[in-house]
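Step one of this worksheet: look at the structure below.
There are 2 protein chains.
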Amino acid sequence: MAETKPQMKDAYEMILEAIDVGVYRPGDRLVESELAVRFGVSRTPIREALQRLETQSLLTRDGRSLIVASLDHNQLAELYAVRAELEGLAARLAARHAAPEEIRVLNDLIEEDRALLGDPAALSRANRRFHKQIHLASHNRFLVQQLDLVHRSMALLATTSLAVEGRDEDALAEHERIVTAIAAGDGDAAHAALKEHISKAFETRLKHDAAAVEASA
Amino acid sequence: MAETKPQMKDAYEMILEAIDVGVYRPGDRLVESELAVRFGVSRTPIREALQRLETQSLLTRDGRSLIVASLDHNQLAELYAVRAELEGLAARLAARHAAPEEIRVLNDLIEEDRALLGDPAALSRANRRFHKQIHLASHNRFLVQQLDLVHRSMALLATTSLAVEGRDEDALAEHERIVTAIAAGDGDAAHAALKEHISKAFETRLKHDAAAVEASA
DNA sequence: CCGGTTAGGATACCGTGGCATACCCTAGAC
DNA sequence: GTCTAGGGTATGCCACGGTATCCTAACCGG
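Each protein sequence line maps, in turn, to chains A and B.
Just so we're aligned: the first sequence equals residues 51 to 267 in our numbering.
Just so we're aligned: the second sequence equals residues 51 to 267 in our numbering.
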């Protein structure tokens, strides 16, 4: 008899998803007992989950209480700098090590992208799968792990840059260039294309954030 | 009145150090209750620590039991590939952002290196401090965090490559080139010098491991 | 009368102990 | 020799108590 809990996963996954979906936003305080009743478990698994999230810098300590980490402008730039480098490496390695089947999957994911133009939420999910597939194609487990961490930190960013007008089509074109380079086994080109892709995404985010500040003033 | 426990740190630090020192070696199984009595604490903090170590891939699950992760040849290569890229990025950023005081500290650390030639254990510790200082000089908190992870994984490797005959002097010369490039603000040179440094260390390790296999045959 | 300091209460975290469960290993029977 | 059943063991969870910290309010000094 399965419980009718919100999720069947463990506490860690549930809290992570809650942050990702936006139930908890940067700056929010997380209280053990509160999470315990929300998810219908005891405080012990909650504690373990919170510690794991803290080691990943998704939560920070403010005094004795844990709050959802927030990224200021500097940290955003730092995050994107590391991301560009690691994604670039993944592309270079993927160009060298990807199996033909993996390249076909990448092409399929691009078709999926094309079908989803104009639906930012769905595009964002498809985008994650696309990048994850490249990470896996690098055939480097440490790199996959590191990139997982980076992408988890990006859950702290509320908006997806794919929601910005025109960004979805540009991103699609960039994806195509990346896969083309990987399929050709051209590591340098794949590296450059992916770094450029991340750079453009960062630029879009900065513009959008600046516009948001403008609008609120 | 302070207890006379082996360490005053928390369970996480204690287990990490035990792995680093070699009390627990790759492949060893870690049992909660066993660690609990060894460190004189209850099972709960042990459990939390083990989970944190598992998320960092220092421990892996074999069935329901946790064992210290071991790195095969492929994983070693993967680890060094990621490390080279991240350390290279750190050097590039350090060349751009390091404060004069930080560069002086780096030069001091090189002097320390020189004084310790021939003492592999001490050199290894000094080496960690040197690289950590470069990470910090990058002024990129995410990069520091990622590199911490990488270096923690290297605790799984029993030997330091600095123990190999002649490697210490080569490493010192390489350190000097790195700091010179950083001090000159030459990001490209610093990047190249550090990548080369990591590459040489990897090469040394491979040679040494091959020789060990030879000897045991 | 206002500001700073201190003391007290409350709240939330950390660690301990114990219980249930699921898995593994072993021994016995077919 | 293989399959099954039973016991043992380690893990996962929970409830509780101690303790450190934070907030608030009252008191004292200026």
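Beta carbons: idealized from backbone N, C-alpha and C, even for Gly.
Here the structure is a predicted model, which means the values were calculated and not measured.
Item: Backbone secondary structure at residue 112(A) - three-state DSSP; Value: strand
Item: Minimum C-alpha distance to residue 195(A) - residue among 66(B), 105(B) and 81(B); Value: 105(B)
Item: Cutoff 6 angstroms; reference residue 85(B); Cβ partners in own chain excluding five residues on either side; Value: 96
Item: Element boundaries [alpha helix (DSSP H), containing residue 94(B)]; Value: 93–105
Item: Option nearest residue 182(A) by Cα separation, candidates 206(A), 208(A), 225(A) and 169(A); Value: 225(A)
Item: Residues near residue 222(B) in its chain [Cβ-Cβ closer than 8 angstroms; skip 5 each side]; Value: 160, 163, 164 and 167
Item: Neighbourhood of residue 189(B) by C-beta distance below 6 angstroms, restricted to the same chain and skipping five residues each side; Value: 147
Item: Cα-Cα separation between residue 62(B) and residue 229(A), rounded to whole angstroms; Value: 42 angstroms
Item: Residues, ordered as in the chain, of the region 108–133 of chain B that lie near chain A by beta-carbon distance below 8 angstroms; Value: 125, 128, 129, 131 and 132
Item: Where the alpha helix (DSSP H) containing residue 138(B) begins and where it ends; Value: 123–147
Item: Burial state of residue 260(A), where buried means 16 or more other Cβ atoms lie within 10 Å; Value: exposed
Item: Opposing strand residues paired with residue 118(B) [DSSP bridges]; Value: 109(B)
Item: Sufficient close CB pairs (3 or more, under 8 angstroms) joining the region 128–140 of chain B to the region 241–255 of chain B; Value: yes
Item: Residue 81(B) to residue 118(B) span [Cα, whole Å]; Value: 11 angstroms
Item: Exposure label - residue 57(B); buried when at least 16 CB within 10 Å; Value: Note that residue 57(B) scores 48 on pLDDT, short of 50, meaning its location in the model is unreliable; the coordinates nonetheless yield the value given after this. Exposed, because fewer than 16 other Cβ atoms sit within 10 Å of the Cβ of residue 57(B).
Item: Cross-chain neighbours of residue 196(A) in chain B, by beta carbon under 9 angstroms; Value: 132, 136, 196, 199 and 200
Item: Contacts of residue 102(B) in chain A (Cβ-Cβ under 7 angstroms); Value: 101, 102 and 105
Item: CB contact below 8 angstroms: residue 82(B) versus chain A; Value: no
Item: Exposure label - residue 55(A); buried when at least 16 CB within 10 Å; Value: With a pLDDT of 37 at residue 55(A), under the threshold of 50, the modelled position of this residue cannot be trusted, and the question is left open.
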